[in-house]
Each structure stands twice: as C-alpha cells, then as structure tokens.
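Visitor:
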Amino acid sequence: MDIIQILISENFWAASLRIATPLIFGVLGALLCEKAGVLNLGIEGIFAAGAMAGWMAVWLGAGLWGGLLVAGLVGGFFGLIHAILTVPLGLSQHVSGLGITMLATSVSYFTYRTALPKVSSPPRIEPFQPLDIPVLSDLPFIGPVLFQQTAMTWLALFMVALVWWVLNRTPLGLAIRAVGDNPDAVDAQGLSVYGLRMGAIVAGSALMALGGAFLTMSAFDAFFFGMVNGRGWICIALVIFASWRPGKALLGALLFGAFDAFQVRLQTQVGAFLPSQVFLMAPYVLSIFALVIVARRAEYPRALLTPWFKGQR
Amino acid sequence: MLRIEPREAPSRWWTLGVPVISALLALLLAAIPLAAAGANIVEAYKQMFNGIFGSVFAFTEMLTRATPLIFTGLAATMAFRAKLWNIGAEGQLYLGAMAAVTVGTGLIDAPSFILIPIILLAGAAGGAAGMAGPAYLKVRFGADEVVTTLLLNFIILIFLQMMLEGPLQDPMGMGWPQSEPIVDNGILPQLVPRMRLHSGLIIALVAAAIAHVMLSKSVWGFKLRAVGENAAAAFHAGIGVRRTLMSAAIVSGALAGLAGVSEVAGLRGYLTTDLSPGFGYTGIVVAMLAGLSPIGVVISAVFIASIFVGADTMSRAIGVSSYLSDLVVALSLICVLIGGFIAKYRIIRTNKGDV
Amino acid sequence: MTNPCVLSLNNLTKRFGSVVANDAVSIDLHRGEVLSLLGENGAGKTTLMNMLFGHYVPDSGSIDVADEFGEMHPLTLGHPQAALDAGIGMVHQHFTLAESLTALDNILLGSESLLSWRHNRNAARRKINGIMERTGLAAPLDEPVGKLTVGERQRVEILKALYHDARILVLDEPTAVLPPQEADTLFENIGAMTTGGLSVIFISHKLREVLAFSNRIVVLRHGKKVGEIATEDADERVIARMMVGADTPATPRVSMEPGAKVLELKSVTVKGDNARTTLHSVNLSIHAHEIVGIAGVSGNGQSAMARVISGLASPDSGVMLIDGHKINRFTPPAMQKAGVGRIPEDRHHEGMIGAMSVAENLVIERLDDPEIQKLGFLRRKYIRSNAEELSRTYDIRGPGIDADARLLSGGNIQKLILARVFERSPRLILANQPTRGLDLGAANEVARRLLKARARGAGVLLISEDLDEILALCDRVIVIHDGQLFEAHSKDRQAIGLMMAGENIC
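Protein chains in written order, with the numbering used here: chain A, 9 to 321; chain B, 458 to 812; chain C, 627 to 1132.
In structure tokens:
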C-alpha cells in the first residue's frame, strides 16, 4: 500500500539521518571505549549531561560551537571519573558505568533545576539550522536528504571517518586496538596501558556528550527531563551489532534511524488498528532482536571488561 | 611509585566500616551542590535529619520508602552474586505490579489470607518472567543481559502505558491511565495506625532473611556463589551453570516483582506509570552499598530511604531541587565503589619504578 | 672470549620480604654470544630478568649496557622503557601478542610516535623483510596472530624485538612450546642472528639443548649463581649436579601387573576448529594399576582428549567406555559419577574458585553427596571437619580452611585439587599437566600421589609436555600428533621426540 510511498519520500530519508545522528555520536563513543577494553555504561547519563551542558552554555551565551565544546568537556569529565574507577582502580565496569549514569543524570537535572527553579517550560535557544548549500541543497532527493541537515549531522559523519582513520591508519589507533586485545602486549612495548585506556574513555565520553548535545541543540531547542530516553542503551546494543567497526556503526545507526522514522510514519497510516505504544516499543524490541542475532558470533575485544594491573602477569 | 596489591584477608572492620564511611562521605559531599545552590548547609542537614527522625510520621515514611528498596536491593544482590547483571529490576517491578492488579482488582473474590498470597505469588511470577527472558537469551544465545534488561525496562514501561490505556484501565478513572484499585481484601495491612507504613516491610524483612539463609547455608546458594565467582571452575566441577543462572534470574526477578506488589497493594492501591521513581535502579546502589549481603541490604535500604525522605523534606523546606537526593545516592555508589577498592587492596609506596 | 662485553649485571640482589630471590648475581654477556641461564623453577631466573627489564628494582647492584658503538653505560633501573631503549628485547614464555591484530601490526606496535597521523607500513614491511631474509625467521605478516601456529607466533615475537633494534635478546624457555624440529629451526635462526652481532640470553631447563646450542652456561640455584662454564667443557651430569645441588632420588616405582580396562576409547573422533581441539579416530585403553603418558607438543589434540574424558565435549563419533560401561552423556557430573577424577590443566581458572574458602573448594565436586547436604542445606560441620582432615593428610598449607582459596600458593592449590580428586577414589585419573609451574617439592608430591593411586588400582592418564616426567612415571608412553595417537614401543627419548614431530610414525 503506502509503504512504498514512505520509502521513496525524501522526507523519510532525511528523518532517518536526523534520528541516526545522536546515535552515531553515541555508538562511536561507546566503540572507542570498548575498543580499548572498557565498557562505558555511563553513556545514558553522559547523553543527558551533554544535552544539558551544551544547551545551557548556549543559553548563557556561549554560542553554538562553544556549547558543543562545553558539552564535550563535560562528557569528558564524567568519562574521566569512569576511567579512574575502572582503569587504575580496576573496579567493576558495569557498576561504575551505572554509577556514572546516575551521577551525570542527577547532576544535570539538579543543575537545571537550580539554575531555573520555577520555570514550567524551559527557555528556548536558537539551535543549529539546516545547512543551505548552493546547488547541492537544491538537488532533487539528495538535496533534502543530505544537504539540508544541520552542521551536527555532518560533524557526526566526519567523526565516523575520523574514528575509522585513527583506529585503522594511525599508530595511536593501533595501540588502542592492542590495549583492548592484550594489554600485556602494549605494556611490553613500553606504552602506557592506563594512559591509552583512560584517554580512549575520555574521548569516547566526549563523543557521547556530543550525541546528547544534538538533542538540545539541533533536534530540539531546549532541555527536557527524560529526553535521552534509552538512546544511550541503544548505542551499547548497536556497538555489538556493528561488531566494533565505525563503518558498520554508521550503518547500524542509519538502519535504526530508518526503522524509527518508518514506524512513526507507519503509525499515522495504520495507527487506527494498533495502539500507538506498539510502535513506540518497536525500536527497543528491534535492538534486542538485533543483539540476539549477532550475539553468538560477536567477537568482543578480547580484553573487554578485564581490568589490568601493572606488574601482574 | 605507587603499587596496588590485594590485602591478604580484608579485616572485619574494613568490610563493615567501608560502606558506612562511604555513605557518610557521600552525605558530606552533598554539601558541594548545596553550597552551589546557595543553601545554608547547616540548616539543610538539620532539616534532613528532621525529615527522618523528626516525628513518628517522618520515621514511618522513611521505612515506607525503604520497603521497595529492600526488595529491589535483594533482587540486585541475588543476580549480581551469580554475576548476572540484572539492570532490569525497574521493569520487573512494573511487571509484578501489573500481575498484582490483574488478579487483585476483582478477578478473584477471596478472603485476605487467601487473596494476599495469591497477589504476592502473581507479582513474583510476573517479575520472574521479566528476568527469565533475558537470562534465557543469555544462556541460549549469549545475548548480553545488561543491554537486554536495560532495553526491556523501556519496553515494559511502554507496555504498561498500553495496558493502563487498555485492558487494565479503570473505567471509573475518567480516562486517566490508571488501573482499578486493589480490592480491600487484597490490600496489605497497615503496621502503624494512621501512617502509610504497611506490612510489605515485614514481607521484605522475611525475604531478606530467607535470602540470607539460602545464600550462605543452602546448596543452591553455594552453587550460585560458585557460578558467580568462577563459572568455568563451577562448570568443570559439575555444577549446572545454566540452570543456576536461570534460577538466580527467576529469584531476582521475583524479588523485583514483589517490590511492585508491595507498592501497589501496600501503598498506592492502584497502578500508574509513576509507581516507581527508579526503585529498580536505586536497588543496585542499595545492593552495592550492602556489599551484596542480604542482611546488609536492609540496612543500606534504610540509609538510602533516609536520604530520599530527608532530602525531600529539606528541599521543600529550603527550596533546593529534590534531584539532590538522586545526586547523593549516585555519590554513595561511587564512594562505596572506591571504598570497596580500598578495603580489598592496599596502595603501597615502593622503590622508584618497582612495579 | 675475545668479543667485547655488551651487558653486565653487577652483584644484583633482590629480596621479597625474608626471601632472597637473587643474591649478588653477576653475569657478563658478550657480543654475538649465546648464553644459557639454567636453573630449576624458583631458582631466580625470572626475578633476574625482571630486574633487567625494569619490572623490579634491585635492592643493590647495577646493570651496564653497551650502546650501538660498544660503549658501556649504566642502565636506569626500574624503567621498562629504558631497557627497551637500550636495545634489550625479550620473548616471554607467554607471548605478549594481541591476537586479533595482524603480525605486522603487532611488530609495529610501539615503534612509531603515537602522534603521527599515519603509519609508514611500506617502510616497515621492507625492514621486516630484510630481517626475515637475514635471519631466516619467517611469518605471515598479514594474518591475525590468533590464526598463526605457536612457532610462527614465537617468530613474530622475535621479529618484534629485532624490528625494535634489539642488540640483546632474552628468550624465556623458547622451546617449551615447540616441536623438536621447529626448535632446531629456531636454533638455526638464532645462529644466523648472532653472526649478525646479536647477543642472546637463553633461559631453559632442558640440558640437551643448552649443551647443543649455547656458548656459555650460567647456573642459578636458590637465587645464587652457582656455576659458570663454557659449554665445550660441560656435560649433562656436571650441569645437572650444579642445578639440583645433589642427585635427587628418583621417585621409587615398582612394576605392577595391569588389571581390568578402566578406560577404553574406540575410534573416537572430535571435529574441532583447529588442531588443538581435534581428534581423528582415536583408540586407547588404560588398565587398572597403569599410568599411561600422552606425550606431545602442545596443541596436537591433548585438549580435545582431556575435554572428552572430563565431559566438556562429546565425541562426534566413536565410543568411550569407563570401567566397561559405555558413556552416553558427556557432562562433567556424568563423568564424575562414572569414576573419572580430573586434575585440570589450568588449576587457577578451572580447578578452584578463588573467592570461596578452602573448605568449600574441597567439596565442590560432591555437592549432592548426603554427607555434604541435608535437604538442600549444607552440613557445615562435616565440611569443616572434612577440610581439616584433608589439609592434614595432603599437607595443604595456607592461612586456614576458612580463608579464600586464592590465598594459597600454586603448590598448595594443586594439593587442594589432589585432595579433592583422590579422596573420591576415582577409577580413572585424568592428570593434565599436573606439575606445570610447580616447584620440585610439590611436583614430587604430585608424582607420589599418582603412583599411590596406581597402587590402589586406578588407571591414570597423564598428559604432559614434559617428556622427562612422562618417562619417569609412566608404564606406557603414547605420542599424540595432529589429533592421532601412536604407541611408543620403547622409552627411547630420541624415538619419542621424532614421533612428537610427526616423523618415524609406524
């Protein structure tokens, strides 16, 4: 019936990319941490912190790019806490990550409420605007899908390329991959296991925070409680689905975005027959389903979740 | 140079003292956000104390708040002991509550001593089902239970909305998404006249005692600990690892389900989508603060409940955001993690570079 | 020795608490020389090398290393990076390779500035090819290391050190993991390297290779240097006496008449992913009063065999009988019930649960036993008295039966496992590398217990990489190669060695 119409509409593909954007940041961030051997379940909270910090910085007059910088720094800060707890101290990555999620979320909410005690609806900012590139933006189909996105979507796509390049083409990336596979190998070459792991976590967390910032600075124009809504957890599932490859992570995020955009559109068409919640549930169910399918042949970074202590072979 | 090495046998004082010190430290750290919010810190702590011990009402309120936390803390404890990362207690709590209102709102007409056990069982079964699924996906397909339980929380909450706007909706509720009330015979009796404290607390304490006995004295508990500490060795020794994990999952989920029953049949009387302000997640903090000991869970649940109730009172009295309590709870978790590290390892100064 | 000195360890002393691990050890290494460092487990070889590599700081003493122009400079102690920069490379017994990375990536790791924005893979490849041509070390560079054979991995490790311009190479028991003919290739390669000016320290406890391939031998015992001898002046007896101090009495071993078959494998085939986990139609029988040794280079199917017999894997075809009964269910508990007692290969990870008490670990294989439990609850009193008794009989020493098992030393962990296995009087004992990593005393205890079980009437299947151990203990020797079993008709070391390498198989 109208499914074909949805699939060929440029509006649908543009929405897919838009929905995918925060996930791209998040999956890349989680991927970077896990490649270095550390699971970062702080992602959900770091999303919230990035969303809050970026938005508030802009609201206080930092400008959009300044806001992004602030978001990244705040994300990196929470990442640093996770890094200290899990790398030199070698504490449970699961529990520490959940602690970071709780901490980052509550700090963000508390700060928001403290700064704006009595407002019922948050002040709006002027978010990133869709780019308007001469010629390209006017192309049929391609124009609206690709060239009328905001700068943050382009930043996300650039990050995919950057993370891929760093991991696969540079000595630093080689060291990160090695430290997530066998820290002893890295140590034997005189490189710092702690430094590499902590650096990867901080950088990955900064990326996650940019994903959060996209929500308040591009998708919407204000901060709301509960706006992250499980996106961080979905990223954790997508990393496994993407078998820790930046390219596949992009693909996974896009597939997810497309599915989400599709279910919203389908809902308007067949919504009368099914409760709307069935559609709301679908993305989460899909994530679990994808996870189950790839789980058996997932090749986790071999040192993932295993703490390493200096001098203990 | 500093070097980390495990302590031979952590002393009793360390294992007992660390959570207490960590918790107090987290409370002290709360002064930072309080100061940032421009509050009078001494006054704030005074209000907090009053909010817990200031009156019988305050104290029973605190225990009322502790009740679901004991359940979810036990749920996390039983799962984590088997190294099964059940982060889905929040969803399992709602499944338990849904099961409770399904059987408890008039479907069955029976006297209290029959109906209440039925409701409890239904709730436990609901919660257990919520964890059995992810555990099965883990042992059968190797799907990471952290992710599946986290995502299930969202699915279950949406499912709850669907139910409360559909089959479970109260026809007399004027269209609000809420369930019919639990019938009088299904309500858990109150413990103190005119207070909200209900007998869910007694059930929680009994559950903690049973959990303690099962974990430390039964063969099942032995197997659970063995699987959690070293699944490979347990498997080699002939312990059914999958079966043990599944049973741990079911017990954990059932406990989380009971939290839902206790809230809906003991406190609210009917089910809404805001039954739990994150009891499932807070249960993880409770369990970690308790060092994964069921008896410790009771104490740490009381502590965390005190923070919530005390911070609520305080934030009302001096006008600080009530998210402060969440912040302190999160800080407690981080502090206890670091404290646990200090209890287990010592950091030694060594010769330069001697690592 | 006319060649100049490239490394000198001067009076190195290291204490751990009251234990003196190294006591004023001095060693000189010359350019182009192969120096063997010999000693029993625990003689102090590892500590010495850890000081050389900056992992430990000596309590006293110093180290001097020659730079590329031959001038001696003191080495900054306690800095691994300083040792690497000084041109010292090490190949550990347990390789430090990242298995999911390619060999090339492993070699490149740490050789370029982390700030550089791209690799220079072509230049690297040229340099490695040059080294490979010069030394004869060959390894596929673009395969993930996880897919390489043990020998290839070892060559990658050596290439890594040479790529980082090592002038001194330390090899820690390099032949422990190699089949004999690959070991010979390794020594040829080392020969080629030393003619290029490389100096090698070669740690071993295999007297024959030491005698065959080194220029000079240094022997450590109880942390002291007890002997230094030019290889041409040495023979096995002299060195053995230096290492052990006095001649150790061999474990007394009386011959016995084999009894009924306790284990029979009939054309058992296991289809594994690799050679380690594959068996090709294997036939084997073990009788009561008999110890049968499985000799072989690791990774030739020992693991598959151990897994089948302990119930961790089921054969794809074939029949297994224990005490004449056919086994239908291959699970660990089923095997235990059938009468198999198992001493696992990896005692720390598979043999015990570190965070549970010694007493609990002693009963973990018999939880369903009515002595242990009543109506699903543990009988603590019995568990404790059982632990006390077994600790006495098996001489398990440590902080006590209620302490975590992780606090026991390696030897005592093995005694715990022996106690657990032998108290059940199993019909068949599967002992997989039972003495690996143990000191002499603990290893002798294991041997004594195995012989005692044999006397009692058990059959023992001993899987070991240590041919000496097999020759000393076993009634029959069977060689495993490429998933197949070959009976050795005599205890002739050379013949067995050739069979292990896959030659002269009749």
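Backbone N, C-alpha and C fix where the C-beta goes; we use that ideal spot for every residue, glycine too. Since this is a predicted model, take the numbers as computed values, not measurements.
(1) How many Å lie between residue 633 of chain C and residue 1045 of chain C at the Cα?
(2) Which of the three DSSP states is assigned to residue 665 of chain B in this structure?
(3) Expressed to the nearest angstrom, what Euclidean distance is found between the alpha-carbon atoms of residue 881 of chain C and residue 1098 of chain C?
(4) Would you mind sorting residue 146 of chain A into buried or exposed? The rule is 16 or more other CB atoms within 10 Å of its CB.
(5) How far does the beta strand (DSSP E) with residue 1133 of chain C in it extend, from its first residue to its last?
(6) Give me the Cβ distance between residue 1127 of chain C and residue 807 of chain C, rounded to the nearest whole Å; I'm assuming they're in contact under 8 Å.
(7) For residue 893 of chain C, which residues in chain A fall below 8 Å Cβ to Cβ?
(8) What are the residues in the stretch 693 to 709 of chain C lying within 8 Å of chain A by C-beta distance?
(9) Quick one: what's got a C-beta closer than 8 Å to residue 987 of chain C's C-beta in the same chain, skipping five residues either side?
(10) Could you pull the start and end residues of the beta strand (DSSP E) that residue 732 of chain C belongs to?
(11) Assuming residue 78 of chain A and residue 70 of chain A are in contact, meaning their beta carbons sit under 8 Å apart, how far apart are those beta carbons, in whole angstroms?
(12) Give the list of continuous alpha helix (DSSP H) stretches no shorter than 4 residues that lie fully inside the stretch 690 to 749 of chain B.
(13) Whole angstroms are fine: how far does the CA of residue 691 of chain B sit from the CA of residue 996 of chain C?
(14) Spell out whether any CB of chain A is found under 7 Å from the CB atom of residue 691 of chain B.
(15) Within the 7 Å Cβ cut-off, does residue 190 of chain A reach chain C?
(16) Along chain F, which residues have their Cβ under 8 Å away from the Cβ of residue 599 of chain B?
(17) Just the C-alpha distance for residue 113 of chain A and residue 597 of chain B, rounded to the nearest angstrom, thanks.
(18) Going by other Cβ atoms of all chains shown within 10 Å of its Cβ, with 16 needed for buried, is residue 851 of chain C buried or exposed?
(19) Taking only three categories from DSSP, how would you classify residue 1000 of chain C?
(20) Alpha carbon to alpha carbon, how far is residue 653 of chain B from residue 724 of chain B?
(21) Use the C-beta contact count for residue 169 of chain A: other C-beta atoms within 10 angstroms, 16 or more gives buried, fewer gives exposed.
(22) DSSP three-state call for residue 946 of chain C: helix, strand or coil?
(23) Residue 929 of chain C: which of C:776, C:903, C:732, C:674 sits nearest, CA to CA?
(24) Output the distance between the C-alpha atoms of residue 539 of chain B and residue 588 of chain B, rounded to the nearest integer angstrom.
(25) Which whole-angstrom value is the C-beta distance of residue 36 of chain A and residue 171 of chain A, which I expect to be below 8 Å?
(26) Residue 772 of chain C and residue 818 of chain C look like a contact to me (Cβ under 8 Å); what is the Cβ gap, rounded to whole Å?
(27) Compare the C-alpha of residue 719 of chain C against each of C:666, C:803, C:1117 and name the closest.
(28) Less than 7 Å between CB atoms is the rule here; does residue 314 of chain A satisfy it with respect to chain C?
(29) Between residue 285 of chain A and chain B, is there a C-beta pair that is closer than 7 Å?
(30) Go ahead and pull the three-state DSSP assignment for residue 1075 of chain C.
(31) Against chain B, with Cβ distances strictly below 7 Å, would residue 63 of chain A count as a contact?
(32) In chain order, what residues of the stretch 165 to 189 of chain A put their CB closer than 7 Å to some CB of chain C?
(33) Starting from residue 642 of chain C, follow its DSSP beta bridges and name the residues at the other end.
(34) Residue 771 of chain B: buried (16+ other C-beta within 10 angstroms of its C-beta) or exposed?
(35) Taking DSSP's pairing of strands, which residues face residue 850 of chain C in a bridge?
(36) Beta-carbon within less than 6 Å of residue 916 of chain C's beta-carbon, same chain only, minus the 5 sequence neighbours each way: which residues are those?
Guide: So, to answer that:
(1) As a working mapping, residue 633 of chain C is identified with position 7 in the third sequence. As a working mapping, residue 1045 of chain C is identified with position 419 in the third sequence. Rounded to the nearest angstrom, the two C-alpha atoms are 47 Å apart.
(2) The sequence position of residue 665 of chain B within the second sequence is 208, counting from 1. Three-state result, residue 665 of chain B: helix.
(3) Translated into positions along the third sequence, residue 881 of chain C becomes position 255. Translated into positions along the third sequence, residue 1098 of chain C becomes position 472. Going by the C-alpha atoms only, they are around 12 Å apart.
(4) Taking the first residue of the first sequence as 1, we reach residue 146 of chain A at position 138. Burial call: exposed.
(5) Because chain C here runs from 627 to 1132, residue 1133 of chain C falls outside it and cannot be looked at.
(6) By one-based count along the third sequence, residue 1127 of chain C stands at place 501. By one-based count along the third sequence, residue 807 of chain C stands at place 181. The Cβ separation is near 5 Å, so the contact holds.
(7) In the third sequence, the residue the question calls residue 893 of chain C occupies position 267. Ordered by position in chain A, no residue passes the 8 Å Cβ test against residue 893 of chain C, which lies about 31 Å from the chain.
(8) 706, 707
(9) Numbered from 1 along the third sequence, position 361 holds the residue referred to as residue 987 of chain C. Cβ within range, chain order: 978, 979, 1031, 1042, 1046.
(10) Here residue 732 of chain C refers to the residue found at position 106 when the third sequence is read from its first residue. Here residue 732 of chain C belongs to no beta strand (DSSP E); instead the alpha helix (DSSP H) covers 729 to 734.
(11) Taking the first sequence and counting its residues from 1, the one referred to as residue 78 of chain A is at position 70. Taking the first sequence and counting its residues from 1, the one referred to as residue 70 of chain A is at position 62. With a Cβ gap of about 6 Å, residue 78 of chain A and residue 70 of chain A count as contacting.
(12) 698 to 718, 736 to 746
(13) Mapped onto the third sequence, residue 996 of chain C falls at position 370. Mapped onto the second sequence, residue 691 of chain B falls at position 234. Their Cα atoms are separated by approximately 20 Å.
(14) Start at 1 with the first residue of the second sequence, and residue 691 of chain B comes out as number 234. Cβ-Cβ to chain A under 7 Å: no for residue 691 of chain B.
(15) For the purposes of this step, residue 190 of chain A is identified with residue 182 of the first sequence, where counting begins at 1. It does; some Cβ of chain C falls within 7 Å.
(16) Here chain F cannot be found, since the structure's protein chains are A, B and C.
(17) Residue 113 of chain A sits at position 105 when you count from the first residue of the first sequence. Residue 597 of chain B sits at position 140 when you count from the first residue of the second sequence. Cα to Cα, residue 113 of chain A sits roughly 34 Å from residue 597 of chain B.
(18) Walking along the third sequence from the start, residue 851 of chain C turns up at place 225. It is buried - the Cβ of residue 851 of chain C has at least 16 other Cβ atoms within 10 Å.
(19) As a working mapping, residue 1000 of chain C is identified with position 374 in the third sequence. Looking at residue 1000 of chain C - three-state DSSP - the assignment turns out to be strand.
(20) If you number the second sequence from 1, residue 653 of chain B lands on position 196. If you number the second sequence from 1, residue 724 of chain B lands on position 267. When rounded, the distance between both Cα atoms is 7 Å.
(21) If you number the first sequence from 1, residue 169 of chain A lands on position 161. So residue 169 of chain A counts as exposed.
(22) The count along the third sequence starts at 1 and reaches residue 946 of chain C at position 320. In this structure, residue 946 of chain C counts as strand in the three-state DSSP scheme.
(23) For the purposes of this step, residue 929 of chain C is taken as residue 303 along the third sequence, with counting starting at 1. Out of C:776, C:903, C:732, C:674, C:903 has the C-alpha closest to the C-alpha of residue 929 of chain C.
(24) Here residue 539 of chain B refers to the residue found at position 82 when the second sequence is read from its first residue. Here residue 588 of chain B refers to the residue found at position 131 when the second sequence is read from its first residue. Going from the Cα of residue 539 of chain B to the Cα of residue 588 of chain B covers about 14 Å.
(25) The count along the first sequence starts at 1 and reaches residue 36 of chain A at position 28. The count along the first sequence starts at 1 and reaches residue 171 of chain A at position 163. Sure, about 5 Å apart at Cβ, within 8 Å.
(26) Reading the third sequence from its first residue, position 146 is the one you call residue 772 of chain C. Reading the third sequence from its first residue, position 192 is the one you call residue 818 of chain C. With a Cβ gap of about 28 Å, residue 772 of chain C and residue 818 of chain C do not count as contacting.
(27) Here the question's residue 719 of chain C lines up with position 93 in the third sequence. Ranking the options by Cα distance to residue 719 of chain C, first place goes to C:803.
(28) Sequence index remark: in the first sequence, residue 314 of chain A carries index 306 (1-based). Answer no: the Cβ-Cβ gap between residue 314 of chain A and chain C never drops below 7 Å.
(29) By 1-based counting over the first sequence, the position of residue 285 of chain A is 277. Interface residue, yes.
(30) Walking along the third sequence from the start, residue 1075 of chain C turns up at place 449. Note: residue 1075 of chain C maps to helix in three-state DSSP.
(31) The residue labelled residue 63 of chain A in the question sits at position 55 within the first sequence. No, because no Cβ of chain B sits closer than 7 Å to the Cβ of residue 63 of chain A.
(32) 177, 178, 179, 180, 182, 183, 185, 186, 189
(33) Your numbering for residue 642 of chain C matches position 16 in the third sequence. For residue 642 of chain C, which the question treats as bridged, DSSP gives the partners C:645.
(34) In the second sequence, residue 771 of chain B corresponds to position 314, counting from 1. Under this definition residue 771 of chain B is a buried residue.
(35) Here the question's residue 850 of chain C lines up with position 224 in the third sequence. Per DSSP, C:847.
(36) The residue labelled residue 916 of chain C in the question sits at position 290 within the third sequence. If we look at residue 916 of chain C and ignore the five residues flanking it on each side, its Cβ neighbours are 884, 1085, 1101.
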